[in-house]
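Engineer:
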Amino acid sequence: MFNDASTLAYSACAYARWQVGSGKYIARLLASKSRLAPIKIQTVPRLELASAVLSARLCNTIVEESNIKYDYIYHLTDSEIVLAQIMKDNLNVGTYVANRVSEIRETTSMEEWHWISTEVNIADLMTRPNLQVNIDAGSYWQRGPDFLGLPTTEWPIKAIPLKTEEKTIISTVGISKVCIKQCSLFDIDKFRSYRKLIRVTARLISAFRERSLKGISLSLTGEQLKEAETLWIKCIQVPLQDNWQVRFKRLGPFCKDGILYVGSRIATWMKSNYNNEAFILLPTTHKLTDLCIKDVHDRDHGGVDSTLCKLQAKFWIPQARKLIKATKSRCVTCRKLEKKVIGQSMGPVPKERLKPSPAFYYSALDLFGPLMIKDTVKGRCRRKVYGIIINCLSTRASYVDLVEGYDADSLITTLRRFIAVRGFPRSMYSDCGSQLKLASKEIGCMNRYHEKLSQFGNEGGLEWNFTKSADAPWENGYTEAMVKLVKRVMMRVIGDTILTFGELQSVMFEIANILNERPIGWNA
910 MFNDASTLAY SACAYARWQV GSGKYIARLL ASKSRLAPIK IQTVPRLELA SAVLSARLCN
970 TIVEESNIKY DYIYHLTDSE IVLAQIMKDN LNVGTYVANR VSEIRETTSM EEWHWISTEV
1030 NIADLMTRPN LQVNIDAGSY WQRGPDFLGL PTTEWPIKAI PLKTEEKTII STVGISKVCI
1090 KQCSLFDIDK FRSYRKLIRV TARLISAFRE RSLKGISLSL TGEQLKEAET LWIKCIQVPL
1150 QDNWQVRFKR LGPFCKDGIL YVGSRIATWM KSNYNNEAFI LLPTTHKLTD LCIKDVHDRD
1210 HGGVDSTLCK LQAKFWIPQA RKLIKATKSR CVTCRKLEKK VIGQSMGPVP KERLKPSPAF
1270 YYSALDLFGP LMIKDTVKGR CRRKVYGIII NCLSTRASYV DLVEGYDADS LITTLRRFIA
1330 VRGFPRSMYS DCGSQLKLAS KEIGCMNRYH EKLSQFGNEG GLEWNFTKSA DAPWENGYTE
1390 AMVKLVKRVM MRVIGDTILT FGELQSVMFE IANILNERPI GWNA
């Protein structure tokens, strides 16, 4: 078996040799195989290794397909690099060489591989396309090199030793270990609340200034809390001070009063915005950062986008979304309340959701409850009220209020309060509740007799649309989804606490404010 390669092609050819007399041998060509080199330029040693693999595969094919028993097989190559790779035990090379050497070792024996000079390597003829070769019967190509007619002891081949001594190279490398001690006022790992950490720090600062624990007021001012928070921010930003201009170049960093801020690229926008302060840069991996994220999340146990929106009102944390997801996954309250339920197939989006219109021009309404309240004077007295939510189908804004009863009069009273604040809607969507049907009739009377509503009614009037059936809440699915959000925030804010009508109404307004601050999407 001869194999060779060049920058244009690699090949292998097989010759069978048998004895015809005393000391005389005849050889003839059995098969040959050649392939073009890959389009991507490869080094010659790699192509030589590919030709060796081709030779091993061709040899196995001949042995399996022919019925001839061969006494010995010789694999001859003119590449000492390939032979060294095959013979070496500990082959510290890449995947390309390792895979091909492994295939050669599995299909052939290492004793079969020998080196031969290029001048007598007949496989070299197939790697030179410009060379004209006679391939007729009896030609040099058909009978092979002349040394095939001689005994193997006279062949111009050389065997590579199976094991070579490996030289161990020992080099001395100097290593210096640098320990950067992070600044810390005290052991922050003992705290599980961001607010408690700030309050404890503020009290310690006050005690340090008084030089005594006596006479310290239990109440803390906003300036004291802000001073404690600033002290912690400066402390955790110490590792960020090293080369911060280059590390956070894309964020537009700048240093002011010893604190790193980001957002210099949007300085013009911040001047015209209500929040004209830059974002304080916090490190990604620090206990204080985790406590800050946990504090923002525990306010309403909202989603990732809601927590990120509130967090970025003051701080900028790299990889904040990843940290918020980790905090939310560890939150026991979220895991308890956000149980997975079977979802429903949603219907097509109503056309009112896609039309540009003023806020609450197209609205949807729904009631939820009942909710228990206590009397303002007699705290033991309990009675029921109902919550009402009115959603704008265009802007996704929400209005949350209370209805004193489940009758039409109470609903109309709440609707008048809504109209006085948000304006008169063009269309209203709701389910088929009896009090809602009666309210729609009363609203029609209001359009005829009330001066303001009459003027609006002349321009278009109110169109009240009911769902087809009271058993089909999915037809008003967006409002039902918002009711779920309201109940979730209520459960996290007040729990089982029973409030008065005024207190519960204030909570409803605050819940509406939280819902209206939610981001519509990631880029909101």
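Each residue of the sequence shown is one higher than the one before, counting from 910 in the working numbering.
Cβ coordinates follow ideal geometry from the N, Cα and C atoms, glycine included.
1) Quick check on the burial criterion: 16 or more other C-beta atoms within 10 angstroms. Buried or exposed for Glu957?
2) Leaving out five residues before and five after Ala1032 in sequence, what residues of the same chain have Cβ atoms less than 7 Å from its Cβ?
3) Kindly provide the ranges of any alpha helix (DSSP H) runs that are 4 or more residues long and lie completely inside the region 944-1026, ordered along the chain.
4) Indicate whether the contact test is met: 3 or more Cβ pairs, each with one atom in the region 1226-1234 and one in the region 1262-1278, closer than 8 Å.
5) With Tyr1295 as the anchor, note down where its beta strand (DSSP E) starts and where it stops.
6) Taking the alpha-carbon positions, what's the Thr1110 to Cys1201 distance?
7) Taking three-plus beta-carbon pairs below 8 Å as touching, is the region 1389-1408 in contact with the region 1272-1283?
8) Taking a contact to mean a Cβ-Cβ separation below 7 Å, would you say Cys1218 touches Pro1428 in this structure?
9) Would you call the region 925-935 and the region 943-961 touching, i.e. three or more CB-CB distances under 8 Å?
10) Which same chain residues, not among the five before or five after Thr1198, have their C-beta less than 8 Å away from its C-beta?
11) Please name the residue, chosen from Asp1207, Pro1257, Ile1403, Phe1163, that lies closest to Arg1244 on a Cα-to-Cα basis.
12) If you check the beta carbons only, do Ile1066 and Ile1013 fall under 7 Å apart?
13) Does the beta-carbon distance from Asp987 to Asn1030 come in below 7 Å?
14) In chain order, what residues of the same chain have a beta carbon less than 6 Å from the beta carbon of Ile1034, not counting five sequence neighbours either side?
15) With which residues is Asn912 paired in a DSSP beta bridge?
16) Looking at C-alpha atoms only, which residue of Leu938, Arg1325, Arg1326, Gly1296 is the closest neighbour of Thr1388?
17) May I ask you to report which of helix, strand or coil DSSP gives Pro1428?
18) Would DSSP call Gly1058 helix, strand or coil?
19) Spatial neighbours of Asp1204 within its chain, please: CB distance less than 8 Å, with the 5 preceding and 5 following residues excluded, ordered by chain position.
20) Would Met1417 pass as a contact of Asp1284 if the rule is Cβ separation under 7 Å?
21) Taking the runs of the alpha helix (DSSP H) that are 4 residues or longer, which of them lie wholly in the region 1209-1245?
22) May I ask you to list the residues that DSSP assigns as paired with Leu1274?
23) Using C-beta distances below 6 Å, list every residue in its chain close to Arg926, excluding the 5 sequence neighbours before and after it, in chain order.
24) Assign Phe1375 to one of three DSSP states: helix, strand, or coil.
25) Output the boundary residues of the beta strand (DSSP E) element that contains Cys1164.
26) Which residues in the same chain have their Cβ closer than 8 Å to the Cβ of Gly1172, if we skip the five residues on either side of it in sequence?
27) By a C-beta neighbour count over all protein chains shown, 10 Å radius and 16 as the cutoff for buried, is Cys968 buried or exposed?
28) Let's test the definition: count the other Cβ atoms within 10 Å of the Cβ of Glu1015 and tell me whether it reaches 16, buried, or not, exposed.
29) Between which residues of its own chain and Arg1108 is the CB-CB distance below 8 Å, once the five residues before and five after are set aside?
30) Indicate the three-state DSSP secondary structure (helix, strand or coil) for Gly930 in the structure shown.
31) Can you tell me whether Tyr1387 is helix, strand or coil according to DSSP?
32) Out of curiosity, what's the CA-to-CA distance linking Gly1369 and Glu1261?
33) Run through the region 1099-1137 for me and flag every whole alpha helix (DSSP H) of 4 or more residues, listed as ranges in chain order.
34) Using 8 Å for Cβ pairs, my map puts Ser1415 next to Glu1372. What's the rounded Cβ distance?
35) Rounded to whole angstroms, how far is the Cβ of Ser915 from the Cβ of Thr1036, which I believe are closer than 8 Å?
36) In the DSSP output, what is Ile1066 paired with across the bridge?
Structural biologist: Quick look at the numbers:
1) The count along the sequence shown starts at 1 and reaches residue 957 at position 48. By the neighbour-count rule (16 or more Cβ atoms within 10 Å), Glu957 is buried.
2) Numbered from 1 along the sequence shown, position 123 holds the residue referred to as residue 1032. If the five residues before and after Ala1032 are omitted, its C-beta is found closer than 7 Å to the C-beta atoms of Phe911, Asn912, Asp913, Ser920, Ala921, Cys922, all from its own chain and listed in chain order.
3) Segments of the alpha helix (DSSP H) lying fully in the region 944-1026: 953-974, 989-996, 1004-1016.
4) Fewer than three pairs of CB atoms, one per stretch, sit closer than 8 Å, so the region 1226-1234 makes no contact with the region 1262-1278.
5) Here residue 1295 is taken as the residue at index 386 of the sequence shown, counted from 1. First-last of the beta strand (DSSP E) with Tyr1295: 1291-1301.
6) To locate residue 1110, count along the sequence shown from 1; it is residue 201. To locate residue 1201, count along the sequence shown from 1; it is residue 292. Taking the straight line joining both Cα atoms gives about 15 Å.
7) Yes, since at least three Cβ pairs between the region 1389-1408 and the region 1272-1283 fall closer than 8 Å, the two stretches touch.
8) Here the question's residue 1218 lines up with position 309 in the sequence shown. Here the question's residue 1428 lines up with position 519 in the sequence shown. If you check the CB distance, Cys1218 and Pro1428 come in under 7 Å.
9) Short answer: they don't touch.
10) Reading the sequence shown from its first residue, position 289 is the one you call residue 1198. Around Thr1198: Ile1145, Leu1191, Pro1192, Ile1226, Leu1232.
11) Your numbering for residue 1244 matches position 335 in the sequence shown. Of the listed residues, the one whose Cα sits closest to Arg1244 is Asp1207.
12) Within the sequence shown, the letter at position 157 stands for residue 1066. Within the sequence shown, the letter at position 104 stands for residue 1013. For Ile1066 and Ile1013, no; Cβs fall outside 7 Å.
13) Along the sequence shown, read from residue 1 onward, the residue named residue 987 stands at position 78. Along the sequence shown, read from residue 1 onward, the residue named residue 1030 stands at position 121. Yes, the Cβ-Cβ distance between Asp987 and Asn1030 is below 7 Å.
14) For this step, residue 1034 is matched to residue 125 along the sequence shown. Residue identity check: residue 1034 is Leu in the sequence provided, not Ile. Around Leu1034: Val1042.
15) Taking the sequence shown and counting its residues from 1, the one referred to as residue 912 is at position 3. Per DSSP, Ala921, Thr986.
16) The residue given as residue 1388 occupies position 479 in the sequence shown. Minimum Cα distance to Thr1388 is reached at Gly1296.
17) Mapped onto the sequence shown, residue 1428 falls at position 519. Look at Pro1428 here: in three-state DSSP terms it is coil, with no helix or strand label.
18) Working through the sequence shown from its first residue, we reach residue 1058 at position 149. In this structure, Gly1058 counts as helix in the three-state DSSP scheme.
19) In the sequence shown, residue 1204 corresponds to position 295, counting from 1. Excluding residues within five positions, the ones whose Cβ falls inside 8 Å are Ser1102, Tyr1103, Arg1104.
20) Within the sequence shown, residue 1417 is the residue found at index 508, counting from 1. Within the sequence shown, residue 1284 is the residue found at index 375, counting from 1. The beta carbons of Met1417 and Asp1284 sit no closer together than 7 Å.
21) Here the runs fully enclosed are 1213-1220, 1229-1239.
22) Sequence index remark: in the sequence shown, residue 1274 carries index 365 (1-based). Under the DSSP definition of a beta bridge, Leu1274 partners with Ile1299.
23) To locate residue 926, count along the sequence shown from 1; it is residue 17. Answer for Arg926: Tyr934, Ala936, Leu1057, listed in chain order.
24) Within the sequence shown, residue 1375 is the residue found at index 466, counting from 1. Three-state result, Phe1375: strand.
25) Counting from 1 along the sequence shown, the entry for residue 1164 is found at position 255. Its beta strand (DSSP E) spans residues 1162-1165.
26) Numbered from its first residue, the sequence shown carries residue 1172 at position 263. Here the set comprises Leu1160, Gly1161, Met1179, Ala1187, Phe1188, Trp1225.
27) Here residue 968 refers to the residue found at position 59 of the sequence shown. Answer is buried; the Cβ neighbour count reaches 16.
28) Position 106 of the sequence shown, counting from 1, holds the residue named residue 1015. That one is exposed.
29) If you number the sequence shown from 1, residue 1108 lands on position 199. Taken in chain order, the residues that qualify are Leu1129, Leu1134, Ala1137.
30) Mapped onto the sequence shown, residue 930 falls at position 21. Correct three-state label for Gly930: strand.
31) For this step, residue 1387 is matched to residue 478 along the sequence shown. Look at Tyr1387 here: in three-state DSSP terms it is helix.
32) Counting from 1 along the sequence shown, the entry for residue 1369 is found at position 460. Counting from 1 along the sequence shown, the entry for residue 1261 is found at position 352. Only weak support is given to the placement of Gly1369: the predicted model assigns it a pLDDT of 45, under 50, and the question is left unresolved by the model.
33) Whole alpha helix (DSSP H) segments, 4+ residues: 1103-1119.
34) Stepping through the sequence shown from its first residue, residue 1415 is reached at position 506. Stepping through the sequence shown from its first residue, residue 1372 is reached at position 463. Rounded, the Cβ-Cβ distance is 32 Å, inconsistent with contact.
35) The sequence position of residue 915 within the sequence shown is 6, counting from 1. The sequence position of residue 1036 within the sequence shown is 127, counting from 1. Between Ser915 and Thr1036, the beta carbon gap of about 4 Å places them in contact (Cβ cut-off 8 Å).
36) In the sequence shown, counting from the first residue as 1, residue 1066 sits at position 157. According to DSSP, Ile1066 shares a beta bridge with Ile1025.
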